[in-house]
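Some notes on the structure that comes next.
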Amino acid sequence: MTTPRSDSAPADGWRTFLWLWSSQAISVLGSAVAGFAFTIYLTQTRFPLAAQKPQLAAALSLTALAWTLAATVTAPLAGTWTDRHDRRRIMLMCDVLGAGLTLLLMALLLRADTPLWVLVLTSGLMGVVSTFHGSAFDASYTSLVPRARLPRANGLMQTIWSASGLVGPAAAALLIGVPAVLRDHGGPPWIAGLRDGVPFAYAVDGASFLLAALVLSRLHVPSPARPADTGDRSFRQDMTFGWRFIGARRPLLALLLTFAVANLCGSGLGVLEPLLVKFSLADDWTARGSSFQAALATLGIVQSVGGVLGGVIISTWGGLRRVRVLGVLVPMVVSGVALIALGLSGTVLAASLALFVSGVMLPAMNAHSQSIWQSQVPTHMQGRVFSVRRLIAQFTTPASAALAGLLAAQYPPGGVLVAAGALYAAVAALQLLNPSLRPLGDAPAPTS
Numbered sequence: 002m003t004t005p006r007s008d009s010a011p012a013d014g015w016r017t018f019l020w021l022w023s024s025q026a027i028s029v030l031g032s033a034v035a036g037f038a039f040t041i042y043l044t045q046t047r048f049p050l051a052a053q054k055p056q057l058a059a060a061l062s063l064t065a066l067a068w069t070l071a072a073t074v075t076a077p078l079a080g081t082w083t084d085r086h087d088r089r090r091i092m093l094m095c096d097v098l099g100a101g102l103t104l105l106l107m108a109l110l111l112r113a114d115t116p117l118w119v120l121v122l123t124s125g126l127m128g129v130v131s132t133f134h135g136s137a138f139d140a141s142y143t144s145l146v147p148r149a150r151l152p153r154a155n156g157l158m159q160t161i162w163s164a165s166g167l168v169g170p171a172a173a174a175l176l177i178g179v180p181a182v183l184r185d186h187g188g189p190p191w192i193a194g195l196r197d198g199v200p201f202a203y204a205v206d207g208a209s210f211l212l213a214a215l216v217l218s219r220l221h222v223p224s225p226a227r228p229a230d231t232g233d234r235s236f237r238q239d240m241t242f243g244w245r246f247i248g249a250r251r252p253l254l255a256l257l258l259t260f261a262v263a264n265l266c267g268s269g270l271g272v273l274e275p276l277l278v279k280f281s282l283a284d285d286w287t288a289r290g291s292s293f294q295a296a297l298a299t300l301g302i303v304q305s306v307g308g309v310l311g312g313v314i315i316s317t318w319g320g321l322r323r324v325r326v327l328g329v330l331v332p333m334v335v336s337g338v339a340l341i342a343l344g345l346s347g348t349v350l351a352a353s354l355a356l357f358v359s360g361v362m363l364p365a366m367n368a369h370s371q372s373i374w375q376s377q378v379p380t381h382m383q384g385r386v387f388s389v390r391r392l393i394a395q396f397t398t399p400a401s402a403a404l405a406g407l408l409a410a411q412y413p414p415g416g417v418l419v420a421a422g423a424l425y426a427a428v429a430a431l432q433l434l435n436p437s438l439r440p441l442g443d444a445p446a447p448t449s
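Counting from 2, one number per residue, gives the positions in the sequence shown under the working numbering.
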């Protein structure tokens, strides 16, 4: 038997949430800087030639696959651990581990002969750390924020990711260009002698993890007490609890499976977008006197501007109060159409417009989904249930990364995006006709 979540947030919970949110925003920004720099490293330094397209596609796919597969597979373990242990301590340890792994990657990228499998393995370890941190974080802020403010908190959370995509590429591009600028102006040899500034991006990421850990060490983040009747459950029983909870609620399961399809169609964008810019849009940005880095950064920045706008709208508005599932499914349909438009685009401008629309839709989609789940799952169960939710919704993400790499090695990336967008929009449109999804989030979950 379960009960809806109570609204017992501490008096200073909103203030604590804002501190937690701002510190983690800095860490997310650092990771965005490093992630963009890594893409530049693979496309321009490791596999710069047109004849290396299959190797580049494989490298982009394998590193993305390692991260997402590790994060997805360990999600149930992370969720169970979150509900059994101090959530603040989990986040603190993950920030410290994230800093260590990031600085290790910085050292590896300073070497010209680092094997690709080492980078893939490190990416997988980062995925594990991320899923433990994400599980603890997602379950923590619902304990801090009053129910009435949760939609705004969810909007702020979505704004983090969008803002990082806005600032990250620009900051990474500046850092990458530092050695070249110093070479032209007689800078210190130990910096000017570097082939690029990718290691600087990882140094920024490592520092952001440590700053987030420092702020977190000063905060009080409550971990809800486990009810007395659950104290004797084994770790294995707790790991299966989330499956039973979701399996007994078919509308939630249907919504999750829709997200699984959405992730299958959309998660390959991280692999396909650099290939689209490098090969399909090359004539356009070359004719304009631009560069691959600038064109790729432009797409990322424009998409993130849309995401920031969408996040501001949802955090100010608070989202739908009734039929919240429409706030998930309608943006999904629009995002699918935008993916089709991206695949058909022949210029950086057209691609930017498609990604802007997609960026605006993402915060509304995710914030409404998060609000639905927060209203349905008691706080002390959220680690276990949310981790299974993450696993079901994202189990197609590794497959998407692998499939995108395989298809992009054989077909134009634009055509792959068109097919993915058509499937995305069609599945979401069909779910709009599913009457069982309409009441989701409008009332607390049944108690048994």
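C-beta: ideal position from N, C-alpha, C; glycine also.
Since the model is a prediction, treat every value here as computed from it, not as a measurement.
By Cβ distance, which residues of its chain are closer than 7 Å to V386, with the 5 residues on each side in sequence left out?
-> G243, F246, I247 and V378
Alpha-carbon spacing of G166 relative to L438, whole angstroms | 31 Å
Secondary structure of V303, DSSP reduced to three states = helix
In three-state terms, what does DSSP make of V179?
-> Helix.
Taking only the alpha-carbon atoms, compute the straight-line gap between V129 and A288 and give it to the nearest angstrom.
-> 43 Å
Would you mind reading off the limits of the alpha helix (DSSP H) that contains T397?
-> Start and end: T397 to Q411.
Is DSSP giving R251 helix, strand or coil here?
-> helix
Are the Cβ atoms of C95 and F133 separated by less than 8 Å?
-> yes
beta-carbon A172 near the ligand FAD non-hydrogen atom, thresh 7 Å = As presented, the structure is devoid of all ligands, the ligand FAD included, so that no description of it is given.
State the Cα-Cα distance for the pair T81 and G384, rounded to the nearest angstrom.
-> 6 Å
Find out if the Cβ-Cβ distance for the pair S388, V216 is shorter than 8 Å.
-> no
So, do the segment 399-419 and the segment 140-148 have three or more beta carbon pairs nearer to each other than 8 Å?
-> no
Decide if D197 is buried, meaning its Cβ has at least 16 other Cβ atoms within 10 Å, or exposed.
-> buried
Compare the beta carbon distance of V399 and T123 with 8 Å and say whether it is the shorter of the two.
-> Reading off the sequence, residue 399 comes out as Pro, not Val. Taking 8 Å as the Cβ cut-off, P399 and T123 do not qualify as a contacting pair.
Work out the CA separation of L126 and T4 for me, nearest whole Å.
-> At T4, the pLDDT of 42 sits below 50, so the modelled position is not reliable; the number obtained from the coordinates is stated separately. One C-alpha to the other measures close to 36 Å.
Exposed or buried, which one is F48 when buried takes at least 16 other CB atoms within 10 Å?
-> buried
Quick one: what's got a C-beta closer than 7 Å to S353's C-beta in the same chain, skipping five residues either side?
-> T299, L300 and V303
Are there three or more Cβ pairs, one per stretch, closer than 8 Å when the segment 85-102 is compared with the segment 53-61?
-> no
Round the Cβ separation of P225 and S144 to the nearest angstrom and send it over; I've been treating them as touching at under 8 Å.
-> 6 Å
Reducing DSSP to helix, strand and coil, say where D96 ends up.
-> helix
Report, in whole angstroms, the separation of the C-beta atoms of S163 and G308, which I expect to be a contact under 8 Å.
-> 3 Å
T75 (DSSP reduced to helix, strand or coil) = Coil at T75, not helix or strand.
Identify the continuous alpha helix (DSSP H) that holds G319 and give its terminal residues.
-> Premise fails: G319 is in no alpha helix (DSSP H) and is neither H nor E.
Among R112, A154, A365 and V358, nearest to W20 - alpha-carbon criterion = A154
Per-residue burial, V119 [other beta carbons within 10 Å of its own, 16 or more giving buried] | By the 10 Å Cβ count, V119 comes out exposed.
Between the C-alpha atoms of S28 and A172, what's the straight-line distance to the nearest angstrom?
-> 14 Å
Given that a residue counts as buried once 16 or more other Cβ atoms are within 10 Å of its Cβ, and exposed if not, what is S292?
-> That one is exposed.
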